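**Q** Protein chains in written order, with the numbering used here: chain Y, 283 to 503; chain W, 283 to 503.
First the structure, which I've put down as structure tokens, then a few questions once you've had a look.
2 protein chains.
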Amino acid sequence: MSKDTNPIPKEIRFAALAVDVVCFRINEGRLEMLVGEIISDNNKYKGQLAHIGGLIKVDETAEQSVDRLLKDKAGLTNVYKEQLYTFSKVDRDPRGRVVSVAYLGFTNKNTSQLENTEVRTEWKSAHDSSKLAYDHNEMTKVGIERLQSKIIYTDIARHLMPEEFTLSELQKVYEVVSGEEMDKRNFRKKMLALGILHDTKRTIKKGVMRPATLYRFKPSK
Amino acid sequence: MSKDTNPIPKEIRFAALAVDVVCFRINEGRLEMLVGEIISDNNKYKGQLAHIGGLIKVDETAEQSVDRLLKDKAGLTNVYKEQLYTFSKVDRDPRGRVVSVAYLGFTNKNTSQLENTEVRTEWKSAHDSSKLAYDHNEMTKVGIERLQSKIIYTDIARHLMPEEFTLSELQKVYEVVSGEEMDKRNFRKKMLALGILHDTKRTIKKGVMRPATLYRFKPSK
Chain Y
283 MSKDTNPIPK EIRFAALAVD VVCFRINEGR LEMLVGEIIS DNNKYKGQLA
333 HIGGLIKVDE TAEQSVDRLL KDKAGLTNVY KEQLYTFSKV DRDPRGRVVS
383 VAYLGFTNKN TSQLENTEVR TEWKSAHDSS KLAYDHNEMT KVGIERLQSK
433 IIYTDIARHL MPEEFTLSEL QKVYEVVSGE EMDKRNFRKK MLALGILHDT
483 KRTIKKGVMR PATLYRFKPS K
Chain W
283 MSKDTNPIPK EIRFAALAVD VVCFRINEGR LEMLVGEIIS DNNKYKGQLA
333 HIGGLIKVDE TAEQSVDRLL KDKAGLTNVY KEQLYTFSKV DRDPRGRVVS
383 VAYLGFTNKN TSQLENTEVR TEWKSAHDSS KLAYDHNEMT KVGIERLQSK
433 IIYTDIARHL MPEEFTLSEL QKVYEVVSGE EMDKRNFRKK MLALGILHDT
483 KRTIKKGVMR PATLYRFKPS K
């Protein structure tokens with residue numbers, strides 16, 4: 283803080299800042315989100331489930347805070363993330379004014395229980411509408427909408443896929459996210475026309491089907 | 283605040299919350315942004331230009347804060363706005379930790395000096411890279427990128443247009459935003475195929491050109 287300016291007066295530092303992550307993965311043909319149990323004693327939501335989140339520290343950015351909380355609370359590292367929306371309703375936290383910078387997270391980890399977690403975590407269907415703590419159901423809704431919208435015009439699906447995959451596997455992910463079945467030929471045509479896939483020239487054979495070509499996403503621009 | 287929970291301790295209410303608006307309009311064939319002069323005495327940026335912004339009050343959401351500040355500081359009402367990005371760098375404000383929830387704003391007002399403003403405002407080219415206060419040049423950059431990206435796959439351009447317009451006028455706006463000239467026939471074909479325009483069946487004649495059809499945007503979904 284430079285000395286030529288007065289500091290922000292205490293009375294306008296009235297809010298606490300938090301981050302929350304709507305973290306998605308695709309598993310067994312469904313879109314899942316990571317939630318954890320609230321353990322803090324002074325919290326009326328204790329024992330309930332919420333997206334992984336917590337307060338931002340004085341010396342860290344929102345992004346750094348997300349990385350720290352995903353690692354400490356959920357044992358997750360290397361999660362691709364991007365800012366989703368900042369939730370600022372005055373009464374969204376009963377303990378006082380807490381504004382939360384929400385992030386979208388994407389992983390392709392499919393272990394059911396993550397290791398070294400500070401809280402009990404679980405993956406549940408992103409379309410499961412049972413009550414989460416705070417305004418986290420609203421966060422889920424905004425997160426799913428953003429994902430559904432971005433999967434159409436960006437290569438965001440790359441963060442939900444393993445390194446190599448067949449076009450059928452990729453189509454399944456698009457279908458799971460959009461909630462709509464797609465025509466196989468149209469899907470192939472559209473994806474290849476986008477120019478975001480790299481043909482590995484290798485194939486994989488599963489069961490009685492004829493061998494399918496393996497693709498990767500080209501490096502992000 | 284409910285009584286069954288402890289309030290947020292003072293020591294974690296360390297940040298002040300602000301909003302800023304990267305407010306765009308199209309005027310005389312260029313993309314312009316609204317900036318205002320900083321007048322606060324305890325601010326090392328006093329006299330410099332910045333996006334319209336200010337601190338969020340205890341009892342208002344970020345959205346309400348944006349509406350209040352645009353009205354009070356710049357005399358602007360009925361601005362279409364959407365959240366852009368939350369800037370949380372630790373040292374972005376020399377007075378202390380201030381996290382800013384930035385918004386995109388769009389208007390089709392083209393008066394040069396707005397009336398009833400608390401600060402001196404001006405419209406400058408969005409591509410003018412002279413130094414703004416705080417991290418506002420970065421905000422401008424993020425705002426332009428978002429606009430350039432959204433104008434392709436959404437109907438966001440509606441907020442920059444008058445109610446009725448010709449396809450040539452619309453094309454001009456797309457060209458100004460993208461910074462690229464577009465082929466007239468391709469543009470017409472693409473825009474009409476999107477199904478977002480309503481043909482008023484009326485025409486307008488300018489100069490020696492043949493009459494051009496007037497369009498409106500269909501109501502937003």
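Backbone N, C-alpha and C fix where the C-beta goes; we use that ideal spot for every residue, glycine too.
Keep in mind it's a predicted model, so treat the numbers as computed, not measured.
Across which residues does DSSP place N309 of chain W in a beta bridge pair?
**A** The residue you call residue 309 of chain W lines up with position 27 of the second sequence. Answer by DSSP bridge pairing, in chain order: W:R312.
**Q** Does any residue of chain Y have a CB that is nearer than 9 Å to the CB of R515 of chain W?
**A** The requested residue 515 of chain W is not part of the displayed model; chain W covers only 283 to 503.
**Q** In the segment 302-321 of chain W, which residues sit with their C-beta less than 8 Å from some C-beta in chain Y, listed in chain order?
**A** Residues passing the 8 Å Cβ filter: none.
**Q** If we count Cβ pairs, one from each stretch, closer than 8 Å, do we get three or more for the segment 433-453 of chain Y versus the segment 483-498 of chain Y?
**A** yes
**Q** Is the shortest distance between the beta-carbon of T343 of chain Y and the beta-carbons of chain W less than 9 Å?
**A** For the purposes of this step, residue 343 of chain Y is taken as the residue at position 61 of the first sequence. Chain W contact via Cβ: present.
**Q** Can a CB atom of chain W be found closer than 9 Å to the CB of I434 of chain Y?
**A** Along the first sequence, one-based indexing puts residue 434 of chain Y at 152. Answer yes: the Cβ-Cβ gap between I434 of chain Y and chain W drops below 9 Å somewhere.
**Q** Return the chain-ordered list of same chain residues with a C-beta closer than 8 Å to the C-beta of H441 of chain Y, the five sequence neighbours on each side being excluded.
**A** Counted from its first residue, the first sequence places residue 441 of chain Y at position 159. Cβ within range, chain order: Y362, F388, T389, N390.
**Q** Determine the closest residue to D437 of chain Y out of Y:K292, Y:S502, Y:V340, with distance taken between C-alpha atoms.
**A** Taking the first residue of the first sequence as 1, we reach residue 437 of chain Y at position 155. Selected option, being the one with the closest Cα: Y:S502.
**Q** How many angstroms separate the CA atom of Q453 of chain W from the CA atom of G489 of chain Y?
**A** In the second sequence, counting from the first residue as 1, residue 453 of chain W sits at position 171. In the first sequence, counting from the first residue as 1, residue 489 of chain Y sits at position 207. Near 53 Å, if we compare the C-alpha coordinates of G489 of chain Y and Q453 of chain W.
**Q** Does the distance from the CB of D314 of chain W to the CB of K406 of chain W come in under 9 Å?
**A** The sequence position of residue 314 of chain W within the second sequence is 32, counting from 1. The sequence position of residue 406 of chain W within the second sequence is 124, counting from 1. As written in the sequence, residue 314 of chain W is Glu, which differs from the Asp given in the question. Cβ atoms of E314 of chain W and K406 of chain W: closer than 9 Å.
**Q** Quick one: Cα of H418 of chain W to Cα of V317 of chain W, how far?
**A** As a working mapping, residue 418 of chain W is identified with position 136 in the second sequence. As a working mapping, residue 317 of chain W is identified with position 35 in the second sequence. Those two C-alpha atoms are separated by around 10 Å.
**Q** Is S460 of chain Y helix, strand or coil when you go by DSSP?
**A** Here residue 460 of chain Y refers to the residue found at position 178 when the first sequence is read from its first residue. Correct three-state label for S460 of chain Y: helix.
**Q** According to the neighbour-count rule (16 or more other Cβ atoms, all chains shown, within 10 Å of its Cβ), is M421 of chain Y buried or exposed?
**A** As a first step, residue 421 of chain Y must be located in the first sequence, where it is residue number 139. Buried.
**Q** Should K355 of chain Y go down as buried or exposed, given a rule of 16 or more other Cβ atoms within 10 Å for buried?
**A** If you number the first sequence from 1, residue 355 of chain Y lands on position 73. By the 10 Å Cβ count, K355 of chain Y comes out buried.
**Q** Cβ of E428 of chain Y within 9 Å of Cβ of L479 of chain Y?
**A** Along the first sequence, one-based indexing puts residue 428 of chain Y at 146. Along the first sequence, one-based indexing puts residue 479 of chain Y at 197. Residue 428 of chain Y is actually Arg in this sequence, not Glu. Not closer than 9 Å, so no.
**Q** Within the 9 Å Cβ cut-off, does L453 of chain W reach chain Y?
**A** Within the second sequence, numbered from 1, the residue matching residue 453 of chain W stands at position 171. In the sequence under discussion, the amino acid at residue 453 of chain W is Gln, which differs from the Leu named in the question. Not one chain Y Cβ lies under 9 Å of Q453 of chain W.
**Q** Ordered along the chain, which non-local residues of its own chain (more than five positions away) have a Cβ less than 7 Å from that of M491 of chain W?
**A** Numbered from 1 along the second sequence, position 209 holds the residue referred to as residue 491 of chain W. Taking M491 of chain W as the centre and dropping the five residues before and after it, the same chain places no C-beta closer than 7 Å to its C-beta.
**Q** With R295 of chain Y and A344 of chain W assumed to form a contact (beta carbons below 8 Å), what rounded beta-carbon distance in angstroms separates them?
**A** As a first step, residue 295 of chain Y is located in the first sequence; it is residue number 13 there, counting from the start. As a first step, residue 344 of chain W is located in the second sequence; it is residue number 62 there, counting from the start. Going by Cβ atoms, the distance from R295 of chain Y to A344 of chain W rounds to 16 Å, so no, they are not a contact pair.
**Q** Since T422 of chain Y meets chain W, which of its residues come closer than 8 Å, beta carbon to beta carbon?
**A** Residue mapping note: residue 422 of chain Y aligns to position 140 of the first sequence, counting from 1. Chain W residues near T422 of chain Y: none, gap ~17 Å exceeds 8 Å.
**Q** Mind checking if S370 of chain Y is an interface residue toward chain W, Cβ cutoff 9 Å exclusive?
**A** Numbered from its first residue, the first sequence carries residue 370 of chain Y at position 88. Chain W places a beta carbon closer than 9 Å to that of S370 of chain Y, counting this residue as a contact.
**Q** If you count every other CB in all the chains shown that lies within 10 Å of the CB of R467 of chain Y, and 16 or more means buried, which is it?
**A** Taking the first sequence and counting its residues from 1, the one referred to as residue 467 of chain Y is at position 185. It is exposed - the Cβ of R467 of chain Y has fewer than 16 other Cβ atoms within 10 Å.
**Q** Would you mind sorting T403 of chain W into buried or exposed? The rule is 16 or more other CB atoms within 10 Å of its CB.
**A** Position 121 of the second sequence, counting from 1, holds the residue named residue 403 of chain W. Classification for T403 of chain W: buried.
**Q** Check whether the segment 368-377 of chain W and the segment 346-354 of chain W touch, using three or more Cβ-Cβ pairs below 8 Å as the test.
**A** no
**Q** Check the Cβ of A298 of chain Y against every Cβ in chain W and list those closer than 7 Å, keeping chain order.
**A** The residue labelled residue 298 of chain Y in the question sits at position 16 within the first sequence. Per Cβ cutoff of 7 Å: I290, I294, R295.
**Q** Can you tell which of Y:K483, Y:V381, Y:K339 has the C-alpha that lies nearest to the C-alpha of K371 of chain W?
**A** Taking the first residue of the second sequence as 1, we reach residue 371 of chain W at position 89. Minimum Cα distance to K371 of chain W is reached at Y:K339.
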